[in-house]
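One structure below.
Protein chains: 2
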Amino acid sequence: MKDRITKLFGIQYPIIQGGMIWCSGWRLASAVSNAGGLGLIGGGSMRPDLFREHIQKCKQATDKPFGVNIPLLYPYSDEQIRILIEEGVKIVFTSAGNPKKYTAMLKEHGIKVVHVVANLSFALKSQDAGVDAVVVEGFEAGGHNGREETTTLVLLQHLAGKLEIPLIAAGGIGSGKAIFAAIAMGADAVQIGSLFAASQESSAHEGFKELIVKANEGDTMLRMKQLVPVRLLKNPFADTIEKMELSGAPKEEMAEFLGKGRAMKGMFEGDLEEGELEIGQISSAISQVKSVAEIMNDLIEDYKSAYFRMFEIHY
Amino acid sequence: MKDRITKLFGIQYPIIQGGMIWCSGWRLASAVSNAGGLGLIGGGSMRPDLFREHIQKCKQATDKPFGVNIPLLYPYSDEQIRILIEEGVKIVFTSAGNPKKYTAMLKEHGIKVVHVVANLSFALKSQDAGVDAVVVEGFEAGGHNGREETTTLVLLQHLAGKLEIPLIAAGGIGSGKAIFAAIAMGADAVQIGSLFAASQESSAHEGFKELIVKANEGDTMLRMKQLVPVRLLKNPFADTIEKMELSGAPKEEMAEFLGKGRAMKGMFEGDLEEGELEIGQISSAISQVKSVAEIMNDLIEDYKSAYFRMFEIHY
Chain U
1 MKDRITKLFG
11 IQYPIIQGGM
21 IWCSGWRLAS
31 AVSNAGGLGL
41 IGGGSMRPDL
51 FREHIQKCKQ
61 ATDKPFGVNI
71 PLLYPYSDEQ
81 IRILIEEGVK
91 IVFTSAGNPK
101 KYTAMLKEHG
111 IKVVHVVANL
121 SFALKSQDAG
131 VDAVVVEGFE
141 AGGHNGREET
151 TTLVLLQHLA
161 GKLEIPLIAA
171 GGIGSGKAIF
181 AAIAMGADAV
191 QIGSLFAASQ
201 ESSAHEGFKE
211 LIVKANEGDT
221 MLRMKQLVPV
231 RLLKNPFADT
241 IEKMELSGAP
251 KEEMAEFLGK
261 GRAMKGMFEG
271 DLEEGELEIG
281 QISSAISQVK
291 SVAEIMNDLI
301 EDYKSAYFRM
311 FEIHY
Chain P
316 MKDRITKLFG
326 IQYPIIQGGM
336 IWCSGWRLAS
346 AVSNAGGLGL
356 IGGGSMRPDL
366 FREHIQKCKQ
376 ATDKPFGVNI
386 PLLYPYSDEQ
396 IRILIEEGVK
406 IVFTSAGNPK
416 KYTAMLKEHG
426 IKVVHVVANL
436 SFALKSQDAG
446 VDAVVVEGFE
456 AGGHNGREET
466 TTLVLLQHLA
476 GKLEIPLIAA
486 GGIGSGKAIF
496 AAIAMGADAV
506 QIGSLFAASQ
516 ESSAHEGFKE
526 LIVKANEGDT
536 MLRMKQLVPV
546 RLLKNPFADT
556 IEKMELSGAP
566 KEEMAEFLGK
576 GRAMKGMFEG
586 DLEEGELEIG
596 QISSAISQVK
606 SVAEIMNDLI
616 EDYKSAYFRM
626 FEIHY
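Those sequence lines, one after another, are chains U and P. Residue 58 in the working numbering sits at position 58 of the first sequence, and the numbers go up by one each step. So the mapping is simple: the working numbering equals the position in the second sequence, first residue as 1, plus 315.
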């Protein structure tokens with residue numbers, strides 16, 4: 001398993017842990033990096049001081065490369081960018097904003113920059129902005145999602161051969177066979193969120209992790225499309241949102257009902273009824289809370305079995 | 316490329332053409348079968364006499380195995396089942412209904428039966444009903460679709476190792492690399508709709524084929540979820556449906572606006588404004604109307620290049 005992404009980041013496996021709000025602090029990121037993948041601290045849910053603390057703790061916890069994820073829609077992004085430069089972070093994933101904003105400046109500091117997109121035109125814009133790679137994220141992904149609802153399978157085929165920079169596939173990937181499939185379709189690596197959100201090292205509330213492993217098909221849906229589309233686990237909060245959507249409620253009313261801090265309440269504090277539980281569709285195929293080391297090992301073994309399956313079919 | 320499905324049907328490649336309304340008559344089905352795949356006559360849009368005529372013409376046009384698709388939600392299914400038995404059809408795909416209804420009777424006539432599902436529980440029910448294989452169809456697929464919005468990538472991982480009968484992956488597959496990926500993830504074969512809907516041999520209106528090859532990301536959406544979810548190409552008709560959905564229109568009102576014959580009007584007669592244009596999300600990656608022979612050849616070459624890509628990465 002060697003490719004452009006492993007060389008770019010200096011990692012062993014082309015497996016990147018998604019930088020998720022309320023799930024991926026230093027503990028998860030360092031565990032993934034120590035296991036040979038690329039761990040990312042999810043900056044989205046952290047105030048600047050806490051963000052700095054997580055970076056410092058992550059440096060203590062691993063001597064392997066790790067990175068941070070900065071969604072460009074929160075008020076702290078300027079300050080977070082300043083902090084990560086000060087702290088010598090070498091890999092930054094940006095999402096939900098304009099890749100032109102920080103890319104050139106980050107690259108002047110010798111930082112590798114990756115931008116997250118959900119279609120070809122933003123992938124090309126990111127390439128033009130000078131990023132080192134793009135994450136292409138499909139409809140299956142948890143949390144914030146594209147408006148076009150294009151799935152990972154379709155995105156990979158639509159983008160095939162159209163980018164010069166490396167491509168990281170995300171959304172719906174929860175097994176080694178899916179990693180194998182994504183790479184066969186042209187991805188250089190994958191980004192995995194839900195599986196790591198449900199890991200022992202995730203900072204998600206244990207009650208939320210239990211719901212992820214219990215989730216079945218149809219238990220996550222893309223909601224709040226009138227605001228920003230978000231993939232959510234069904235619960236009383238999500239049911240109310242659905243009712244509002246079906247009755248044609250105006251988006252101001254929905255924004256007011258959503259309020260602030262719903263994701264923290266659900267994912268971090270464990271209010272499983274009224275909190276917002278962001279998770280991917282692949283949670284239906286996750287059946288156990290495991291350590292990161294076990295997850296990585298299982299992914300690699302399952303990848304190998306997909307490889308041997310294809311080898312067997314063809315010889 | 317040898318596996319359980321090619322043996323089951325006696326075909327060369329594990330590629331099955333979706334039995335689509337208004338697109339797949341005898342001309343398309345026989346062309347796919349002649350090219351080494353499995354062609355299916357789409358019974359859904361045919362009155363009994365026309366259905367018989369298409370079967371008879373297909374028998375004239377190919378000496379290779381072919382089949383028919385019967386959606387169990389139309390009034391003619393009893394009569395269509397009687398006709399296909401009389402005509403000696405040996406392969407039947409059923410969809411949109413209870414697999415118990417006809418499976419035992421069809422099998423007594425020596426007919427291979429496949430049922431189309433969109434989740435694990437219906438796949439297991441179909442297996443219990445005695446079908447020979449299931450088609451598992453994801454959110455990407457054109458036309459009628461599941462309510463749970465599970466994508467093909469997630470379905471394949473969720474179902475991995477849980478079925479004894481062969482599994483055919485459908486939805487979002489429009490290239491050889493996606494066939495390779497689906498098989499690596501455990502599918503025995505794939506079913507392809509959109510690519511064949513846009514083929515020269517498809518009976519779809521030429522204007523509709525032109526729209527398919529022009530379609531970009533986001534140009535198809537899943538609509539009419541309150542009635543039966545259907546993936547549609549965006550056009551003035553679909554835009555009106557979207558507006559009704561966003562304003563919370565009751566489903567009776569939507570059913571009345573939909574009326575009857577919209578799909579024939581759009582897909583067959585070429586009313587591209589007010590007709591219903593059912594097509595898959597993968598149409599964004601389809602750029603040319605080709606003959607079935609070219610499509611099959613391209614799929615196989617692209618499959619091989621995915622295989623060599625993985626071979627190169629690992630040696």
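Beta carbons are placed, not taken as given, at the ideal position from N, Cα and C, and that holds for glycine.
If you run the structure through DSSP and keep just helix, strand and coil, what is residue i?
{"i": "F196(U)", "result": "helix"}
{"i": "M316(P)", "result": "Unreliable positioning characterises M316(P) in this predicted model, as indicated by a pLDDT of 47, which lies under 50. A coordinate reading is not provided."}
{"i": "V545(P)", "result": "strand"}
{"i": "L246(U)", "result": "helix"}
{"i": "L537(P)", "result": "strand"}
{"i": "P390(P)", "result": "coil"}
{"i": "Q596(P)", "result": "helix"}
{"i": "I336(P)", "result": "coil"}
{"i": "V328(U)", "result": "Past the edges of chain U, shown from 1 to 315, lies residue 328(U), and the structure says nothing about it."}
{"i": "I628(P)", "result": "helix"}
{"i": "L211(U)", "result": "helix"}
{"i": "I179(U)", "result": "helix"}
{"i": "L587(P)", "result": "coil"}
{"i": "I11(U)", "result": "coil"}
{"i": "A170(U)", "result": "strand"}
{"i": "A204(U)", "result": "coil"}
{"i": "A578(P)", "result": "helix"}
{"i": "A189(U)", "result": "strand"}
Only counting the same chain, and skipping five residues up and downstream in sequence, which positions put a Cβ closer than 8 Å to that of residue i?
{"i": "T465(P)", "result": "A433, N434, G453, F454 and H473"}
{"i": "E534(P)", "result": "Before going further, note that residue 534(P) is Asp rather than Glu in the sequence given. Here the set comprises L548, K549, S598 and S599."}
{"i": "D586(P)", "result": "K580"}
{"i": "Q515(P)", "result": "V604, K605, S606 and V607"}
{"i": "E588(P)", "result": "N550, P551 and F552"}
{"i": "R577(P)", "result": "F552, E589, G590 and E591"}
{"i": "E463(P)", "result": "A433 and N434"}
{"i": "I241(U)", "result": "R223, M224, L232, M254, F257 and L258"}
{"i": "L478(P)", "result": "A438, L439, Q442 and V449"}
Under 8 Å, do residue i and residue j count as touching if we go by C-beta distance?
{"i": "S121(U)", "j": "G563(P)", "result": "no"}
{"i": "S287(U)", "j": "V213(U)", "result": "yes"}
{"i": "I165(U)", "j": "Q127(U)", "result": "yes"}
{"i": "A438(P)", "j": "I320(P)", "result": "no"}
{"i": "A255(U)", "j": "L227(U)", "result": "yes"}
{"i": "E402(P)", "j": "I370(P)", "result": "yes"}
{"i": "K177(U)", "j": "M500(P)", "result": "yes"}
{"i": "V131(U)", "j": "P99(U)", "result": "yes"}
{"i": "A181(U)", "j": "A496(P)", "result": "yes"}
{"i": "H430(P)", "j": "I400(P)", "result": "no"}
{"i": "T418(P)", "j": "A444(P)", "result": "yes"}
{"i": "L50(U)", "j": "F9(U)", "result": "no"}
{"i": "M267(U)", "j": "F208(U)", "result": "yes"}
{"i": "T94(U)", "j": "L468(P)", "result": "no"}
{"i": "I498(P)", "j": "I313(U)", "result": "yes"}
In chain order, what residues of the same chain lie with their CB nearer than 7 Å to the CB of residue i, ignoring the 5 residues before and after it?
{"i": "M316(P)", "result": "At M316(P) the pLDDT is 47, less than 50, meaning the model places this residue with poor confidence and gives no usable figure here."}
{"i": "S392(P)", "result": "I385"}
{"i": "M46(U)", "result": "H54"}
{"i": "A512(P)", "result": "M335, C338, A519, I527 and I594"}
{"i": "P664(P)", "result": "Examination of residue 664(P) is not possible in this model, given that chain P is present from 316 through 630 alone."}
{"i": "E532(P)", "result": "S599"}
Name the chain C residues that come within less than 7 Å of residue i, Cβ to Cβ?
{"i": "R624(P)", "result": "Protein chains in the displayed structure are U and P, and chain C is not among them."}
Leaving aside the five residues before and after residue i along the sequence, list all residues of the same chain whose C-beta is less than 6 Å from its C-beta, in chain order.
{"i": "Q191(U)", "result": "I16, G18, V135, I168 and A170"}
{"i": "I179(U)", "result": "V190 and Y303"}
{"i": "G142(U)", "result": "G193, S194, R231, E278, I279 and G280"}
{"i": "I81(U)", "result": "Y102"}
Since residue i contacts residue j with CB under 8 Å, what's their CB separation in whole angstroms?
{"i": "Y74(U)", "j": "G44(U)", "result": "6 Å"}
{"i": "K427(P)", "j": "K405(P)", "result": "6 Å"}
{"i": "N204(U)", "j": "W26(U)", "result": "Checking the sequence shown, residue 204(U) turns out to be Ala, not Asn. Going by Cβ atoms, the distance from A204(U) to W26(U) rounds to 14 Å, so no, they are not a contact pair."}
{"i": "L355(P)", "j": "S339(P)", "result": "6 Å"}
{"i": "L72(U)", "j": "N145(U)", "result": "Contact doesn't hold; Cβ gap of about 16 Å is too wide."}
{"i": "S202(U)", "j": "L28(U)", "result": "5 Å"}
{"i": "M310(U)", "j": "Y622(P)", "result": "7 Å"}
4 or more residues per run - each alpha helix (DSSP H) lying fully within the stretch 80-165 of chain U:
103-108, 120-128 and 152-159
Would you mind listing the alpha helix (DSSP H) stretches within the stretch 38-69 of chain U that are 4+ residues and don't spill past its ends, in chain order?
48-61
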